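Trainee: Could you have a look at this structure, given as structure tokens, before my questions?
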């Protein structure tokens, strides 16, 4: 068993805090390939739960899961130029097998628009075949220069949805619908509030007509893109020759969308809720929801008996429960539970046996209170529910408190330096966005669908021109 | 919507039948990379159910899911020589990124013993850290020369379990335990009976001390290895330097196992149950268990109303149900349901409305019978249960009927030519096995734990020497 090492406080060095908590919380180990990580049982358990719950939501709107190959032949990826250019520098390339050079190169998928394009071509003949609403849960590779566990790794896990429609309106409606599913899921399960909106031309997906996004605020003030949904129009269906006979019996190219969330969500979860004692996992997504800690158990075998009874009662109520009956000290066990982010811990010792009670400790507020043994089930249910909503409310509060409006570049710089998000009137173009990022480190996150705060003017903070386009800026992961 | 094409009868050309039914049954499409396939919703749905049910069994015995990287650095894979030699010719190799040559080559995992080895090394210090019982559900690549959808593809999906133990006995016990889980699952859910046993030295996994296997019999008489469980001893823990302090406080190398089943199981399922009308999916694993077919629905809107009511009743009883209310003819709809292997179809037409009844058609026996509307739920439940056990019983019967015992090489050849499995006394070595395969096409499948038939003698059919080793031979996929 590993020792618990010191965790750097968030206020001292947030990046160091992050590395400390993911290591101490047994979330990951570094892989043998640089920039890759191993998902240990706790982090993979969270991802498995994300998959489980999100997949249910997908199925409600008719999504069907499929699996397409890992490798993309060079000839296929080069069909859509903008898309290729966007991914080219990051493509891991298979050139040989068993030491022998291959006739054609293969790229490990960075995303699968081109593979789906090639697949859809043969599946679609008439408008009767549409829509096709497919999704896959897979690994993808993007050979990033700088990596950060969960947030940016060379290989990551994600789901990628790919759909085909007979008209733009239906496809665009689905683009919105999927973003809404993401927004609701991330809020309901991960307790992460987000701002939803549209990416600027400069920040949209390579190959999309437009990109919708949900943006989350980390505890250090940085933004994290938590999910995207793209309307692809006919950008892939023209080069891939995906067409159908429409109701007028004329050939028409289909209209596409794609959308995805990835294991970045684990990074978002950690940096939204974690504190100086470790990570905090929202109850609805936690692989272990309750730790039962036996205090000084060696002195009293009946403590273990009680722990088993309580575990059984809680499991019957569908909670995931774990007992710590190791011979470590009481302080170690408490810290160990906290560092792993278990939302609720229940301590029982010889004294509690006599008093017919247990000690509940909430991971979010660290509050402690006694609960009679007979009330454990009801209390656990209520507390976990309360922890879930408290985590969301705290994050929501922080989000709203840290978005400011500015009307000039000086104030913009100061706000960004102070770790704020800026919502401002902005009519600049891609060149301006590049320049602003160079000067301040901030990028456009989105043009929000609903303004999170009320801006005080309609003059662009950068160009000085009048505009009604309000854009959200922040430093981002 | 696709037309249904003619299916070649099994008796005419089994290989052609297989290709016909997987294509017509919408199970797969060929991928852009040669030797790769696309899992369409129906086949992926079956695999998803396999994962769901098998994972539950794994968790009952303490298996924890993790995720390790796709790529294996060259330096890592070369650590265990026998293992490397076994996989070397099939390794897809990444040599460049974005057109630039990499300093080290990376292999796409053909299996992950070496990655787990590198991971375990840092996780294990003392006997207190053991056992570690990990598993991952992932894609792997083996660049096979000849491929066959589901049975042998360059990329496939599987689960691979990897465990570490403090003594050989415990590791060996787990090797057996996992094989038993496979055997029970494949029998209970996929309705595939198997022979379990140990692989000969010649056929064992590259890097194992010994390999256990379950072998299934396809309808053409060929064998299919449906799952394996390997005892690795210290073969990986010595080169990877995985050691722990034992109870005597001395350093000792740990003892490993690995075990897996793959999407080959889909091929096994198709070739165990399918008939000349298409595939047959056992109810317990079927993504769609019941097709409700509206007959001549256009004439009577109340038919659709009834279909919806029945669907709702069946869904409340936890069945997966699908309605066909398309305007195709009755014959097409029935054939379409049969070709997709839905275990039960319920037909309703205007006449049935009047008679307050539905027509049940079993996919396995093709029996038809009327069921009063009020009894649909109970009847569906009973029939599906019966289909499940009937599929297993038929396959079991076929398995037992097609294993023969021989005592000389001539009879051996004849039996193999006739598509039989042979159980025979055999004391030959690897050279003999190679020779026998060359002459007859048959390989050793396993040394069965329990003899499926009673052999009549103890003289090796090949060498003529006395032996108590009884080995199962068959042609295999």
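Residue numbers (the working numbering), protein chains in the order written: chain A, 1 to 477; chain B, 1001 to 1477.
Quick reminder that beta carbons are idealized off the backbone N, C-alpha and C, glycines included.
Only a predicted model underlies this, so the values are computations on that prediction, with no experimental measurement involved.
Could you confirm whether any beta carbon from chain B is found closer than 8 Å to the beta carbon of residue 260 of chain A?
Mentor: For this step, residue 260 of chain A is matched to residue 260 along the first chain. Not closer than 8 Å to any Cβ of chain B, the Cβ of residue 260 of chain A fails to qualify, so no.
Trainee: Check each candidate in A:163, A:186 and A:145 and name the one with the smallest Cα separation from residue 132 of chain A.
Mentor: Here residue 132 of chain A refers to the residue found at position 132 of the first chain. Nearest C-alpha to residue 132 of chain A: A:163.
Trainee: What are the boundary residues of the beta strand (DSSP E) that includes residue 372 of chain A?
Mentor: In the first chain, the residue the question calls residue 372 of chain A occupies position 372. Unbroken beta strand (DSSP E) run through residue 372 of chain A: 368 to 372.
Trainee: Name the chain B residues that come within less than 7 Å of residue 41 of chain A, Cβ to Cβ?
Mentor: Here residue 41 of chain A refers to the residue found at position 41 when the first chain is read from its first residue. The contacting residues are 1064, 1065 and 1066.
Trainee: Which stretch, first to last residue, makes up the beta strand (DSSP E) that contains residue 275 of chain A?
Mentor: By 1-based counting over the first chain, the position of residue 275 of chain A is 275. Looking at the DSSP string, residue 275 of chain A is not in any beta strand (DSSP E), and its letter there is neither H nor E.
Trainee: Under 8 Å between the Cβ atoms of residue 1235 of chain B and residue 1080 of chain B?
Mentor: Working through the second chain from its first residue, we reach residue 1235 of chain B at position 235. Working through the second chain from its first residue, we reach residue 1080 of chain B at position 80. Closer than 8 Å, so yes.
Trainee: Give a yes or no on whether 8 Å exceeds the smallest Cβ distance from residue 89 of chain A to chain B.
Mentor: The residue you call residue 89 of chain A lines up with position 89 of the first chain. Taking Cβ atoms only, chain B reaches closer than 8 Å to residue 89 of chain A, which makes this a yes.
Trainee: What residues of chain A sit near residue 1143 of chain B, judged by a beta carbon separation below 8 Å?
Mentor: Reading the second chain from its first residue, position 143 is the one you call residue 1143 of chain B. Result: 97 and 98.
Trainee: Apart from the five residues on each side of it in sequence, which residues of its chain come closer than 7 Å, Cβ to Cβ, to residue 1008 of chain B?
Mentor: Sequence index remark: in the second chain, residue 1008 of chain B carries index 8 (1-based). Cβ neighbours of residue 1008 of chain B beyond the five flanking positions: 1016, 1017 and 1020.
Trainee: Quick one: residues in its chain with C-beta nearer than 7 Å to the C-beta of residue 1110 of chain B, no 5 flanking neighbours on either side, listed in chain order?
Mentor: As a first step, residue 1110 of chain B must be located in the second chain, where it is residue number 110. Counting only Cβ-Cβ distances below 7 Å, and skipping sequence neighbours, we find 1087, 1090, 1091, 1140, 1141 and 1142.
Trainee: Residue 1384 of chain B to residue 1289 of chain B, Cα distance in whole Å?
Mentor: As a working mapping, residue 1384 of chain B is identified with position 384 in the second chain. As a working mapping, residue 1289 of chain B is identified with position 289 in the second chain. Distance between the alpha carbons of residue 1384 of chain B and residue 1289 of chain B: 8 Å.
Trainee: Quick one: give me the first and last residue of the alpha helix (DSSP H) that residue 1196 of chain B is part of.
Mentor: Position 196 of the second chain, counted from the start, is the residue given in the question as residue 1196 of chain B. It is not in any alpha helix (DSSP H) - residue 1196 of chain B instead sits in the beta strand (DSSP E) that spans 1194 to 1198.
Trainee: List the residues of chain A that residue 1155 of chain B touches, going by C-beta distances under 8 Å, in chain order.
Mentor: Numbered from its first residue, the second chain carries residue 1155 of chain B at position 155. Under the 8 Å cutoff, chain A gives 69, 70 and 71.
Trainee: What does residue 1106 of chain B reach in chain A if we use C-beta pairs closer than 7 Å?
Mentor: By one-based count along the second chain, residue 1106 of chain B stands at place 106. Result: 33.
Trainee: Hey, would you say residue 77 of chain A sits closer than 8 Å to residue 107 of chain A, going by beta carbons?
Mentor: Walking along the first chain from the start, residue 77 of chain A turns up at place 77. Walking along the first chain from the start, residue 107 of chain A turns up at place 107. Against a cut-off of 8 Å, the Cβ pair of residue 107 of chain A and residue 77 of chain A comes out as a contact.
Trainee: Is there contact here, the region 1247 to 1262 of chain B with the region 1225 to 1235 of chain B, by at least three beta-carbon pairs under 8 Å?
Mentor: In short, these stretches touch, since the Cβ pair count reaches three.
Trainee: Go ahead and pull the three-state DSSP assignment for residue 131 of chain A.
Mentor: The residue given as residue 131 of chain A occupies position 131 in the first chain. Residue 131 of chain A falls in the coil class under three-state DSSP.
Trainee: Look at the Cβ atom of residue 307 of chain A, then the Cβ atom of residue 336 of chain A, and state whether they are nearer than 8 Å.
Mentor: Locating residue 307 of chain A in the first chain gives position 307, where the first residue counts as 1. Locating residue 336 of chain A in the first chain gives position 336, where the first residue counts as 1. No; because the gap between Cβ atoms is not below 8 Å, this pair is not in contact.
Trainee: Ordered along the chain, which non-local residues of its own chain (more than five positions away) have a Cβ less than 6 Å from that of residue 284 of chain A?
Mentor: On the first chain, position 284 is the one that residue 284 of chain A refers to. Within the same chain, residue 284 of chain A has close Cβ partners 189 and 388.
Trainee: Taking the CB atoms as reference points, tell me whether residue 1200 of chain B and residue 1444 of chain B lie closer together than 8 Å.
Mentor: Reading the second chain from its first residue, position 200 is the one you call residue 1200 of chain B. Reading the second chain from its first residue, position 444 is the one you call residue 1444 of chain B. In contact: residue 1200 of chain B and residue 1444 of chain B (Cβ atoms closer than 8 Å).
Trainee: In this structure, does DSSP put residue 157 of chain A in helix, strand or coil?
Mentor: Your numbering for residue 157 of chain A matches position 157 in the first chain. DSSP places residue 157 of chain A in strand when its eight states are reduced to three.
Trainee: Just the Cα atoms here: how many angstroms apart are residue 1096 of chain B and residue 1104 of chain B?
Mentor: Here residue 1096 of chain B is taken as the residue at index 96 of the second chain, counted from 1. Here residue 1104 of chain B is taken as the residue at index 104 of the second chain, counted from 1. C-alpha separation (whole angstroms): 9 Å.
Trainee: What does the Cβ neighbour count give for residue 319 of chain A, buried or exposed, with the cut at 16 atoms within 10 Å?
Mentor: Reading the first chain from its first residue, position 319 is the one you call residue 319 of chain A. Residue 319 of chain A is buried by the Cβ-count criterion.
Trainee: Quick check for students: name the residue ranges of the beta strand (DSSP E) that lie wholly in the region 385 to 461 of chain A, counting only runs of 3 or more.
Mentor: Listed in chain order, they are 403 to 405, 421 to 425 and 443 to 448.
Trainee: Counting C-beta neighbours from all protein chains within 10 Å, is the total for residue 145 of chain A 16 or more, i.e. buried, or is it exposed?
Mentor: In the first chain, the residue the question calls residue 145 of chain A occupies position 145. That one is exposed.
Trainee: Out of A:393, A:67 and A:195, point me to the one whose CA is closest to residue 115 of chain A's CA.
Mentor: In the first chain, residue 115 of chain A corresponds to position 115, counting from 1. Cα-wise, what sits closest to residue 115 of chain A is A:67.
Trainee: Say whether the region 1262 to 1282 of chain B touches the region 1166 to 1181 of chain B, bearing in mind that this needs 3 or more beta-carbon pairs closer than 8 Å, one atom from each stretch.
Mentor: Judged by Cβ distances under 8 Å, the region 1262 to 1282 of chain B makes no contact with the region 1166 to 1181 of chain B, as fewer than three pairs qualify.
Trainee: Could you work out which residue in B:1362, B:1050 and B:1247 is closest to residue 1157 of chain B when comparing CA atoms only?
Mentor: Position 157 of the second chain holds residue 1157 of chain B. Out of B:1362, B:1050 and B:1247, B:1050 has the C-alpha closest to the C-alpha of residue 1157 of chain B.
Trainee: Can you name the residues of chain A whose CB is closer than 9 Å to the CB of residue 1150 of chain B?
Mentor: The residue labelled residue 1150 of chain B in the question sits at position 150 within the second chain. In chain order: nothing, as chain A lies at least about 12 Å away.
Trainee: Who are the near neighbours of residue 1420 of chain B in its chain, counting only those whose CB is closer than 6 Å to its CB and skipping five residues on each side?
Mentor: Taking the second chain and counting its residues from 1, one reaches residue 1420 of chain B at position 420. Same-chain partners within the cutoff: 1402 and 1404.
Trainee: In chain order, what are the residue ranges of uninterrupted beta strand (DSSP E) at least 3 long that sit wholly in the region 1190 to 1249 of chain B?
Mentor: With a minimum length of 3 residues, the continuous beta strand (DSSP E) runs that stay inside the region 1190 to 1249 of chain B are 1194 to 1198, 1210 to 1217, 1223 to 1233 and 1243 to 1245.
Trainee: Distance, Cα to Cα, residue 1159 of chain B vs residue 1374 of chain B?
Mentor: Locating residue 1159 of chain B in the second chain gives position 159, where the first residue counts as 1. Locating residue 1374 of chain B in the second chain gives position 374, where the first residue counts as 1. Residue 1159 of chain B and residue 1374 of chain B: Cα-Cα distance of roughly 43 Å.
Trainee: Taking C-beta pairs closer than 9 Å, name the residues in chain B that residue 163 of chain A reaches, listed in chain order.
Mentor: Position 163 of the first chain, counted from the start, is the residue given in the question as residue 163 of chain A. Going along chain B, no residue has its Cβ under 9 Å from residue 163 of chain A, so there is no contact; the nearest lies around 13 Å.
Trainee: At least one CB of chain A closer than 8 Å to the CB of residue 1061 of chain B: is that the case?
Mentor: For the purposes of this step, residue 1061 of chain B is taken as the residue at position 61 of the second chain. So, not an interface residue.
Trainee: Where DSSP assigns a beta bridge to residue 363 of chain A, which residues make up the other side?
Mentor: The residue labelled residue 363 of chain A in the question sits at position 363 within the first chain. DSSP output for residue 363 of chain A lists no bridge partner at all.
Trainee: Given a cut-off of 8 Å on the beta-carbon distance, is the pair residue 1449 of chain B and residue 1425 of chain B in contact?
Mentor: The residue labelled residue 1449 of chain B in the question sits at position 449 within the second chain. The residue labelled residue 1425 of chain B in the question sits at position 425 within the second chain. No, Cβ-Cβ distance for residue 1449 of chain B and residue 1425 of chain B is not below 8 Å.
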